[in-house]
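In the numbering used here, each residue carries its 1-based index in the sequence shown increased by 380. Yeah, the Cβ is synthetic: ideal placement off N, Cα and C, and Gly gets one too. The next block holds one structure in the form of structure tokens; read it before the comments.
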Amino acid sequence: MRTEIEMLDIIIKIAKSLKVKAIAMSGSRTDTKASKDEFQDYDVVYVVENLEELITDLSWLGQFGKRIIEQEVRLGHRRLFLMIFEDGNRIDLTLCPKEHMKEWVDSEAEFIVLLDEKGLFESFSPKPRRYWTSPASAIEFEKTCNEFWWVSAYVVKGICRNQLIYATDHLYGICQQEFLKILAWQVASDRGAVDIGKNYKYLFQYLPAEKENEFSSLLDFSNSDKITQSLFATMQLFHQEAQFFARKMGFDYDTEVAEKMIEYAVERLQNTM
């Protein structure tokens with residue numbers, strides 16, 4: 381596998397051969413908190429003046445190495461090329477027209493400049509607080525609680541209909557994300573604004589180990605019984621943490637709604653396990 385030094389050298393050499401105006405890198409390789417491993421991508425942007433010329437003939441991509449799979453994505457005025465190479469390295473390469481640099485900068489939390497002889501990036505600043513969580517307001521807390529209990533009914537419906545993908549999607553994709561939000565707000569209430577990372581990847585660094593273990597125990601969706609167990613456990617943990625947080629912050633929390641929704645789920649699912 382080519383080293384980071386080798387990969388960056390290739391990225392810069394190819395950029396110069398293409399007369400790229402500037403290069404920057406974002407993602408985990410610019411995040412000092414991210415652990416180093418072989419799965420880290422090279423999230424790179426080439427700022428260009430000749431986008432149409434470059435995408436008309438893509439043979440130059442072969443200079444990065446032998447690709448085993450790739451994707452091409454249009455993002456606004458940009459083109460993104462996702463490439464995994466035979467040696468295991470991956471480059472997510474964005475071609476961004478010079479006049480639309482702000483479009484790329486606004487999409488990134490932070491970045492480092494690799495090459496910029498004309499100072500094109502000097503007028504732009506990274507947004508390192510993109511994934512930070514601030515203390516919650518009473519309205520935000522109320523909306524999160526309402527969303528959690530409302531969507532829990534969709535999970536119940538999916539399980540009862542044996543639509544397990546539907547049930548899992550609502551359980552993990554919405555209910556458990558609202559639960560993570562409550563945990564993040566608990567951290568922020570003690571520490572102020574905190575960096576929880578994309579997809580809450582740093583959240584449990586701020587919490588006792590048992591909190592991560594509790595959440596991990598919710599993630600078995602292998603069959604209908606496991607999804608049902610996860611739902612019940614998620615509801616109980618959310619109810620517990622939401623009550624604690626509400627007392628701590630002096631927020632209102634509708635325990636009656638929570639208890640009725642737990643009862644609603646139990647009545648409809650107790651015979652499915």
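| Check | Outcome |
| --- | --- |
| When the Cβ atoms of the stretch 601-610 are set against those of the stretch 620-630, are three or more pairs found closer than 8 Å? | no |
| So what does DSSP say about residue 491, is it helix, strand or coil? | strand |
| So does the stretch 564-583 actually touch the stretch 539-547, counting three or more Cβ pairs closer than 8 Å? | no |
| Judging by CA-CA distance, which residue of 570, 390 and 476 is the nearest neighbour of residue 500? | 476 |
| Measuring straight from C-alpha to C-alpha, what distance separates residue 554 and residue 528? | 7 Å |
| Any idea what DSSP makes of residue 409, helix, strand or coil? | helix |
| Counting pairs of Cβ atoms below 8 Å between the stretch 609-623 and the stretch 556-569, do you hit three or more? | yes |
| Please classify residue 419: is it buried, with 16 or more other beta-carbons within 10 angstroms of its beta-carbon, or exposed? | exposed |
| Which runs of the alpha helix (DSSP H), 4 residues or longer, sit entirely within the stretch 422-485? | 431-436 |
| Taking the straight line between their C-alpha atoms, what separation do you get for residue 383 and residue 482? | 30 Å |
| Which residue's Cα is closest to the Cα of residue 417: 437, 381 and 432? | 381 |
| What does the alpha-carbon distance come out to for the pair residue 502 and residue 398? | 22 Å |
| With H, G and I counted as helix, E and B as strand and the rest as coil, what does DSSP make of residue 635? | helix |
| Who are the near neighbours of residue 448 in its chain, counting only those whose CB is closer than 8 Å to its CB and skipping five residues on each side? | 464, 465 and 466 |
| Would you kindly report the start and end of the unbroken alpha helix (DSSP H) that includes residue 396? | 384-397 |
| Rounded to whole angstroms, what is the Cα-Cα separation between residue 473 and residue 462? | 6 Å |
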